[in-house]
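>
Residue numbers (this note's numbering): 7 to 247.
1. When DSSP labels each residue in this structure, what does residue 107 get in the three-state scheme?
2. Check the DSSP bridge columns for residue 230 and list the partner residues they point to.
3. Quick one: give me the first and last residue of the alpha helix (DSSP H) that residue 72 is part of.
4. Please classify residue 70 as buried or exposed, where buried requires at least 16 other C-beta atoms within 10 Å of its C-beta.
5. Mind checking whether residue 149 and residue 179 have CB atoms under 7 angstroms apart?
6. Whole angstroms are fine: how far does the CA of residue 87 sit from the CA of residue 108?
7. Does the distance from the CB of residue 53 to the CB of residue 92 come in under 7 angstroms?
8. What's the gap between the Cα of residue 3 and the Cα of residue 143?
9. Quick check: the Cα distance between residue 177 and residue 213, rounded to an integer number of angstroms?
10. Would you kindly work out how many angstroms separate the C-alpha atoms of residue 157 and residue 217, rounded to a whole number?
11. Can you find a CB in chain C that lies within less than 7 angstroms of the CB of residue 80?
12. Bridge partners for residue 84 per DSSP, in chain order?
13. Residue 135 by DSSP, collapsed to three states: which one?
14. Whose CA, out of 174, 103, 237, 95, lies closest to the CA of residue 134?
15. Mark residue 237 as exposed unless 16 or more other C-beta atoms lie within 10 angstroms of its C-beta, in which case mark it buried.
16. In three-state DSSP terms, what is residue 96?
17. Cα separation between residue 128 and residue 233?
18. Can you give me the C-alpha to C-alpha distance between residue 208 and residue 162, rounded to a whole angstrom?
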């Protein structure tokens, strides 16, 4: 017998399972549920993400079987199967630990919504003010394809830097790269930013000098990075200090 289930079939099955009364389930039904569980687990091996699962299915009462607790007391409902397609972390949380709630208060609510929307639609619109939390969500939950999109976005921002770039642009890139290195132990962004800043002949004027204005408040790691940036002219750094 060949069984062909699409994503909506599985969502409907999940809905029926959740709303079944345990004392009405006969032996044949239990066997059926076991088979369905097997199918659900093995379908994940046949789905390639990113994929458009339909953004309209996010925060849906019909098949939203897990709740994500956002900042400010807001809740978002999502489907454990859809999330599990994207990450072994979600598989562990939902299929193995049987969690039905996730605390997401450590992340900006809008970043969580953008993150979930990407998992449902396969697309994401990244913005600078949301980048840190979306990128961190990708690493915490190990969503590799979306982490790649974040990397592409950041790389494009670095690629847009020129001698005419302002201090705030460089500061954003520098601090986001430092955050990734410090918190997520990922140095690729920092290496990229340092290489770009070091390529600017006017880097002292547009970045180093304003960054070092309050040098007494900087951490040793920050001063070390300034030394890297001014390595070809260390006297410059001494003059600024």
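Idealized CB from N, CA, C, for every residue including glycine.
From the atom records:
1. Your numbering for residue 107 matches position 101 in the chain shown. Residue 107 falls in the strand class under three-state DSSP.
2. Here residue 230 corresponds to residue number 224 of the chain shown, with the count starting at 1. Bridge partners of residue 230: none, in fact.
3. Start at 1 with the first residue of the chain shown, and residue 72 comes out as number 66. Residue 72 -> not in any alpha helix (DSSP H); beta strand (DSSP E) instead, spanning 72–75.
4. In the chain shown, residue 70 corresponds to position 64, counting from 1. With 16 or more other Cβ atoms from the protein chains shown falling within 10 Å of its own Cβ, residue 70 counts as buried.
5. The residue given as residue 149 occupies position 143 in the chain shown. The residue given as residue 179 occupies position 173 in the chain shown. Taking the C-beta atoms as reference points, residue 179 is found no nearer than 7 angstroms to residue 149.
6. Translated into positions along the chain shown, residue 108 becomes position 102. Translated into positions along the chain shown, residue 87 becomes position 81. Roughly 15 angstroms between the two C-alpha positions.
7. Position 47 of the chain shown, counted from the first residue, corresponds to residue 53. Position 86 of the chain shown, counted from the first residue, corresponds to residue 92. Not a contact, by the Cβ cut-off of 7 angstroms.
8. For residue 3 there is no data in the structure shown, the boundaries of the chain being 7 and 247.
9. Your numbering for residue 177 matches position 171 in the chain shown. Your numbering for residue 213 matches position 207 in the chain shown. Those two C-alpha atoms are separated by around 8 angstroms.
10. As a position in the chain shown, residue 157 is number 151, starting the count at 1. As a position in the chain shown, residue 217 is number 211, starting the count at 1. Rounded to whole angstroms, residue 157 to residue 217 spans 25 angstroms at the Cα level.
11. Of the protein chains in the structure, only one exists, and it is not chain C.
12. What you label residue 84 is simply residue 78 of the chain shown in a count that begins at 1. Bridge partners of residue 84: 72.
13. As a working note, residue 135 is residue 129 in the chain shown. Residue 135: helix per DSSP, three-state reduction.
14. For the purposes of this step, residue 134 is taken as the residue at position 128 of the chain shown. The candidate whose alpha carbon is nearest that of residue 134 is 174.
15. Counted from its first residue, the chain shown places residue 237 at position 231. Label assigned to residue 237: exposed.
16. Position 90 of the chain shown holds residue 96. Of the three classes helix, strand and coil, the one that applies to residue 96 here is helix, per DSSP.
17. Within the chain shown, numbered from 1, the residue matching residue 128 stands at position 122. Within the chain shown, numbered from 1, the residue matching residue 233 stands at position 227. Residue 128 and residue 233: Cα-Cα distance of roughly 41 angstroms.
18. For this step, residue 208 is matched to residue 202 along the chain shown. For this step, residue 162 is matched to residue 156 along the chain shown. So the two alpha carbons sit approximately 21 angstroms from each other.
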